[in-house]
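K.L.:
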Amino acid sequence: MLIPKKCGPLPVKELARRKVVFETILKEGLKKIKTPKELYERGIPFFKGIDIEHIIKGGYKADGKRPKGFHSLLFHPEQFVETTIVPNELGVSQIRWWFGKGKTKRSTIFPISWDEEKTAGKILEALNDIYSFENVDNAFKILGKTSENIPILFTSSVDGNIKTLFPSAEHYLGIKL
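In this note's numbering, the protein residues as written are 2 to 178.
(1) What's the gap between the Cα of residue 55 and the Cα of residue 164?
(2) Give me, in chain order, the residues of the same chain whose beta-carbon lies closer than 6 Å to that of residue 185; leave out the 5 immediate sequence neighbours on both sides.
(3) Would you kindly check if the distance between the Cβ of residue 51 and the Cβ of residue 20 is under 8 Å?
(4) What residues in its chain sit with their C-beta under 6 Å from that of residue 176, if we drop five residues either side in the sequence?
(5) Work out the CA separation of residue 148 and residue 107 for me, nearest whole Å.
(6) Quick one: residues in its chain with C-beta nearer than 8 Å to the C-beta of residue 62, no 5 flanking neighbours on either side, listed in chain order?
(7) Is residue 59 closer than 8 Å to residue 111 when the C-beta atoms are compared?
(8) Can you tell me where the beta strand (DSSP E) with residue 137 in it begins and where it stops?
(9) Can you grab the Cα-Cα spacing for the pair residue 28 / residue 104, in whole Å?
(10) What residues in its chain sit with their C-beta under 7 Å from that of residue 16, if we drop five residues either side in the sequence?
(11) Does the Cβ of residue 135 have 16 or more other Cβ atoms within 10 Å, making it buried, or fewer, making it exposed?
(12) Please report the Cβ distance between residue 156 and residue 146, rounded to the nearest whole angstrom; I am assuming they are in contact, meaning their Cβ atoms lie under 8 Å.
(13) Helix, strand or coil: how does DSSP classify residue 164 here?
(14) Can you name the residues that DSSP bridges to residue 94?
(15) Three-state secondary structure (DSSP) at residue 63?
(16) Compare the C-alpha of residue 153 against each of 71, 82, 139, 130 and name the closest.
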């Protein structure tokens with residue numbers, strides 16, 4: 002099993018290529034996903050878009066103090082600090098990443114053996130196999146799973162935009178973050 006490790010930043014052209022491939026696959030795939038009947042009957046718009054930057058780069062929460070996001074090492078491996086949970090048999094792990102100004106954050110990440118095409122494909126796969134959803138604080142928490150049974154937790158705003166998505170440590174690794 003591959004274990005995350007420290008390394009330098011990607012060359013600018015490679016970073017741009019990975020982002021374009023990842024974003025293109027997700028945008029095209031979203032167009033093909035049908036709204037689950039239970040959501041449709043509630044008048045809930047299904048996924049219109051995904052906050053790509055949140056997944057690949059992160060940002061700050063609304064309070065401007067707490068880091069959020071960063072669920073893949075594919076795009077900014079230089080931000081990796083340490084592995085906090087070693088990869089399980091499917092490669093899902095948790096890391097601590099650096100976000101500047103002395104701030105770090107733990108994030109569950111997609112397997113580092115997955116490239117941008119496979120990661121995007123598995124995200125879409127999980128959106129096509131939703132097994133749980135609930136309305137929480139004016140947002141929808143949705144659980145889908147990949148063919149390997151890796152649960153991916155999605156949070157969607159009521160307007161249908163996915164704000165975050167990540168392999169769920171709580172649902173797969175049994176860890177409450």
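Where is the CB? At the ideal position from N, CA and C, for every residue including glycine. Quick caveat: nothing in here was measured; it's all calculated off a predicted structure.
P.N.:
Quick look at the numbers:
(1) The residue you call residue 55 lines up with position 54 of the sequence shown. The residue you call residue 164 lines up with position 163 of the sequence shown. Taking the straight line from one Cα to the other gives about 7 Å.
(2) Lying outside 2 to 178, the shown extent of the chain, residue 185 is not represented and no answer is given.
(3) Translated into the one-based positions of the sequence shown, residue 20 becomes position 19. Translated into the one-based positions of the sequence shown, residue 51 becomes position 50. The answer is no: Cβ separation not under 8 Å.
(4) As a first step, residue 176 must be located in the sequence shown, where it is residue number 175. Model confidence at residue 176 stands at a pLDDT of 48, short of 50, so the residue's coordinates are unreliable and nothing is read from them.
(5) In the sequence shown, counting from the first residue as 1, residue 107 sits at position 106. In the sequence shown, counting from the first residue as 1, residue 148 sits at position 147. If I take the Cα positions, the gap works out to 26 Å.
(6) Locating residue 62 in the sequence shown gives position 61, where the first residue counts as 1. Same-chain partners within the cutoff: 68, 69.
(7) As a working mapping, residue 111 is identified with position 110 in the sequence shown. As a working mapping, residue 59 is identified with position 58 in the sequence shown. In this structure, residue 59 does not lie closer than 8 Å to residue 111 by Cβ.
(8) The residue you call residue 137 lines up with position 136 of the sequence shown. 131-137 is the extent of the beta strand (DSSP E) around residue 137.
(9) Stepping through the sequence shown from its first residue, residue 28 is reached at position 27. Stepping through the sequence shown from its first residue, residue 104 is reached at position 103. Roughly 31 Å between the two C-alpha positions.
(10) On the sequence shown, residue 16 is found 15 positions in, with the first residue counted as 1. The answer, listed in chain order, is 76.
(11) Counted from its first residue, the sequence shown places residue 135 at position 134. Per the 10 Å Cβ criterion, exposed.
(12) Against the sequence shown, residue 156 aligns to sequence position 155. Against the sequence shown, residue 146 aligns to sequence position 145. Not confirmed; about 16 Å, so no contact.
(13) Residue mapping note: residue 164 aligns to position 163 of the sequence shown, counting from 1. Residue 164 falls in the strand class under three-state DSSP.
(14) Here the question's residue 94 lines up with position 93 in the sequence shown. The partner list for residue 94 (beta bridge, DSSP) reads 110.
(15) For the purposes of this step, residue 63 is taken as the residue at position 62 of the sequence shown. The answer is coil: DSSP assigns residue 63 none of H, G, I, E or B.
(16) On the sequence shown, residue 153 is found 152 positions in, with the first residue counted as 1. Considering only alpha carbons, the answer is 130.
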